[in-house]
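Novice: Handing you a structure now.
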Amino acid sequence: MSFDDLYQEVILDHYKNPRNFGPLDNPTESVKLFNPLCGDTITVDIRVGEDDRVEACSFHGHGCAISQASASMLTEQVRGKSREQALALIDRFKEAMRGERSFDELGDEIGEGIALQGVRKFPVRVKCATLAWNALQKALRGESGTEEVYG
Ligand code: FES
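The numbering used here applies: residue 3 is where the sequence shown begins, and numbers increase by one.
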């Protein structure tokens with residue numbers, strides 16, 4: 003089995019069996035992003051503790067396999083991180099998706115998110131992969147609410 007096939011399977015697994023799916027109890031922030039071009043929406047909820055660590059992160063909404071799988075992977079990677087660490091990971095992930103750094107540099111921090119590296123070959127799908135990450139970035143910055151994103 004090639005790496006491409008393996009990564010495809012990991013993406014499909016997260017799409018079919020999303021981790022941390024559904025609204026969170028008592029979120030401290032909740033951000034919904036809506037893409038009017040494809041009709042997809044994603045909401046990311048987080049609960050940040052008094053120590054400024056992400057205690058819980060979940061997502062819900064509907065969208066393409068890449069956007070849903072990426073959201074599922076994200077929720078697994080940020081739990082337990084400080085707000086600062088989570089924001090830094092988001093920056094690095096987005097840079098990797100834009101081809102500005104390699105996925106190898108992300109190391110263990112990216113977990114199964116490494117399966118998304120093949121998406122870089124399809125520039126129009128990169129926004130699908132970063133949708134939830136953009137929502138989480140806003141949540142961590144305390145920008146709860148609903149927003150339209152294009153592209
Ligand atoms: Fe809409 Fe992927 S096609 S997020």
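No residue lacks a Cβ here, since even glycine has one placed at the ideal position from N, Cα and C. This one's a predicted model, so the numbers in the text were calculated from it and none came from an experiment.
I think ALA88 touches LEU14, with their Cβ atoms under 8 Å apart; what is that distance to the nearest whole Å?
Specialist: Wrong, their Cβ atoms sit about 26 Å apart, outside the cutoff.
Novice: Pull the bridge partners of GLY147 from the DSSP assignment, please.
Specialist: Beta-bridge pairing links GLY147 to VAL33.
Novice: Around ligand 1, which residues pass a check of Cβ closer than 6 Å to any of its heavy atoms?
Specialist: ASN37, CYS40, ASP42, GLY65, CYS66, ILE68, SER69, CYS130, LEU133
Novice: Going by the beta-carbon positions, is the gap between GLU114 and VAL33 smaller than 9 Å?
Specialist: no
Novice: How far does the alpha helix (DSSP H) with ILE13 in it extend, from its first residue to its last?
Specialist: 5-18
Novice: Would GLU150 and LEU8 be called neighbours here (beta carbons separated by less than 9 Å)?
Specialist: no
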